[in-house]
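In our numbering, the protein residues as written are 31 to 181. Idealized CB from N, CA, C, for every residue including glycine. Keep in mind it's a predicted model, so treat the numbers as computed, not measured.
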Ligand code: SME
């Protein structure tokens with residue numbers, strides 16, 4: 031299966047999940063993405079509250095200790111500050127990286143916008159170097175637009 035084709039179908043599924051799940055939409059989307067795409071080893075959504083990012087829905091093998099991250103700190107905080115997607119191919123080479131899990135090798139963080147401001151972000155850890163590419167970025171930016179409406 032071509033990744034891009036899988037992503038198109040997933041967006042349809044995500045629209046249906048959001049329509050069906052009301053206030054639990056973010057949790058449903060996180061669980062779906064984790065289970066549907068094996069390279070999304072750990073996935074969480076952080077929401078902006080004041081100057082911090084607060085962890086909301088997540089799914090993965092274990093909980094993270096980073097449930098509150100100041101904007102500007104870590105890869106997560108950098109994406110929230112800049113409003114730009116961060117793809118870190120090798121977390122061991124990025125001095126901003128806040129370690130969560132021993133298996134993590136790469137990370138993607140995609141901001142969620144509402145009315146032109148960053149209101150949250152999707153954070154995904156991968157277990158191999160370079161797990162995430164431009165297809166993931168395009169896909170997850172479209173997921174983020176849907177989550178903004180489901181917030
Ligand atoms: N690695 C992130 C922190 C969050 S954990 O990956 C769940 C960072 O550098 O901001």
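Closer than 7 angstroms: residue i CB and nearest the ligand SME heavy atom
| i | result |
| --- | --- |
| residue 74 | yes |
| residue 153 | yes |
| residue 126 | yes |
| residue 94 | yes |
| residue 99 | yes |
Top-ranked residue by Cα proximity to residue i, from the options
| i | options | result |
| --- | --- | --- |
| residue 196 | 105, 77, 147 and 62 | This structure leaves residue 196 out entirely; the chain is present only between 31 and 181. |
| residue 30 | 52, 100, 140 and 162 | In the structure as shown, the chain begins at 31 and stops at 181. Residue 30 is therefore absent and cannot be evaluated. |
| residue 177 | 120, 46 and 39 | 46 |
Local conformation of residue i per DSSP, three classes
| i | result |
| --- | --- |
| residue 52 | helix |
| residue 70 | coil |
| residue 79 | strand |
> Counting only runs that start and end within the region 96 to 180, where is the alpha helix (DSSP H) found for 4 or more residues in a row?
Replying inline: Segments of the alpha helix (DSSP H) lying fully in the region 96 to 180: 104 to 112 and 164 to 180.
>> Using 8 angstroms as the cut-off, can you tell me whether the region 111 to 119 makes contact with the region 80 to 94, which would need three or more C-beta pairs spanning the two stretches below that distance?
In response: Touching, no, given that fewer than three Cβ pairs across the two stretches are closer than 8 angstroms.
>> Between the region 122 to 131 and the region 165 to 179, can you find at least three pairs of beta-carbon atoms closer than 8 angstroms?
In response: No, because fewer than three Cβ pairs between the region 165 to 179 and the region 122 to 131 fall closer than 8 angstroms, the two stretches do not touch.
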